[in-house]
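For the sequence shown, counting from 1, position 61 maps to 136 in the working numbering; every step adds exactly one.
The C-beta atom is built at its ideal place from N, Cα and C for all residues, glycine as well.
Remember, it's a predicted structure, so these values are computed and weren't measured experimentally.
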Amino acid sequence: MLHDVMETVLTNAVPPVHPLADGTPDQVNAVYDALEYLDKLKDKLTFAGNPVITQLVEKKVYLDKIGIADVYGTADVILLAGNEIHVVDWKFGFYPVYAEGNLQLKAYGLGAALCFHDGEGLYGDIEKVVVHIVQPRLDLYTVAEYDRLDLPEIAEEIKSITTAANAEDPKFNPGEDQCKWCKYKTFCTARFDATDSLAREAFSAYTEGRPVLMDDKADLLTRCGFLKKYLADIEGELTEFILTGGEVSGVKVVEGRKSRGWKHEENARWALRNDFGHKEDELYEKKFLTAPKAEKLNKTYKKDPAFQELIEVKRGKPTLVPASDRRADYQVKQNAADAFSGHLE
Ligand code: SF4
């Protein structure tokens with residue numbers, strides 16, 4: 076839905092007010108933040124003496140010029156600025172995706188370079204392709220830059236992948252990212268086999284009859300994302316199957332926790348005041364806005380030192396993640412007694 080709003084706003088050069096009339100504050104902010112990112116990018120290019128000459132929105136790009144037929148993608152925004160191409164991809168979900176090494180974005184960048192070239196050779200005058208992933212809801216904006224010389228290598232990478240995928244006996248490559256959106260994910264035997272062998276490896280320490288070490292447990296945890304996702308997908312498929320009349324031995328679908336709400340809020344309010352004799356004040360609870368919500372009252376607050384001075388940033392809970400995670404290690408605070416314990420003995 077927010078992709079549609081972005082398309083309407085950018086294509087028709089209209090403010091987001093109307094297309095966002097039914098949007099939640101979170102959606103409104105996400106769209107404004109995404110637009111702000113695009114404006115800043117264009118300003119940056121202008122200041123660098125490379126103003127945007129062409130902007131394309133929801134542009135289909137193809138790779139047939141490099142011999143990859145029947146493959147296309149729709150880039151959210153493509154900017155041509157001098158000899159540079161910028162591909163901007165909106166991601167409004169809550170799953171972090173990074174531009175660095177992202178194959179989808181590499182393919183968009185390549186497709187954009189192929190459709191824009193205006194000179195000799197396959198890539199003409201294009202000197203640089205920059206891809207941006209904009210995830211306003213996560214405050215995550217990542218960029219990857221490719222030189223003209225990288226483009227043939229990217230083309231080869233995509234060619235080898237598409238050739239392998241189109242082979243008579245294609246090699247499957249199950250993984251959390253690629254299987255997540257695949258429509259075959261619950262009955263793909265390659266994914267099942269990968270999950271099966273992963274589970275066997277992950278629990279091997281427990282079946283070898285030796286003491287299970289911390290490293291074994293960490294190994295199990297780092298692998299369990301793939302297992303958990305597989306189980307969640309199976310759970311969803313079984314639930315759907317039973318709800319549509321199927322029967323499966325050993326499981327059934329029941330109602331989860333019930334929730335209670337007003338049938339008609341306006342009727343309930345009237346009845347509580349007039350039939351039950353409550354005062355208006357008793358029917359409402361006033362809650363002070365949280366800091367992030369107050370920040371959304373005015374876009375300038377994020378950068379206003381006086382406003383930021385009111386906010387205390389509390390530390391997040393220690394969270395165990397794979398060592399490859401990009402965040403810095405959690406710093407354990409020492410209290411004074413701990414810090415000096417060695418000197419006090
Ligand atoms: S579920 Fe199977 S077909 Fe789909 S992406 Fe995963 S490995 Fe490929």
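The set of residues whose C-beta lies within less than 5 Å of a heavy atom of ligand 1 reads, in chain order, Phe247, Pro249, Gln253, Cys254, Cys257, Tyr259, Lys260, Cys263, Ala265 and Arg266. Secondary structure of Ala398 (DSSP, three-state): coil. Taken atom to atom, the span from the alpha-carbon of Arg298 to that of Thr217 is near 26 Å. If you look at Asp308, you'll find it isn't in any beta strand (DSSP E); it sits in the alpha helix (DSSP H) that goes Met289 to Leu318. Judged by their CB atoms, Gln130 and Ile153 are nearer to each other than the 9 Å cut-off.
In the DSSP assignment, Trp165 falls within the beta strand (DSSP E) that extends over Glu159 to Trp165. Residue environment: Ile233 is assigned as buried (16 or more neighbouring CB atoms within 10 Å of its CB, all protein chains considered). Within the model, the alpha-carbon separation for Val136 versus Asn241 is close to 20 Å. Distances from the alpha-carbon of Glu231 to those of Asp400, Gly142, Tyr305 and Ala188 put Gly142 closest. DSSP links Ile229 through a beta bridge to no other residue. Of all C-beta pairs linking the stretch 305-322 to the stretch 261-281, three or more are shorter than 8 Å, placing the two stretches in contact.
By the Cβ neighbour-count rule, Ile128 is exposed, with fewer than 16 other Cβ atoms within 10 Å of its own. Contact between the stretch 161-178 and the stretch 206-223 is present: three or more C-beta pairs spanning the two stretches fall below 8 Å. For the stretch 165-223, the continuous alpha helix (DSSP H) assignments of 4+ residues that do not extend past its boundaries occur at 178-191, in sequence order.
Close CB contacts of Asp108 within its chain, under the 6 Å cut and outside five residues either way in sequence, are with Pro211 (chain order).
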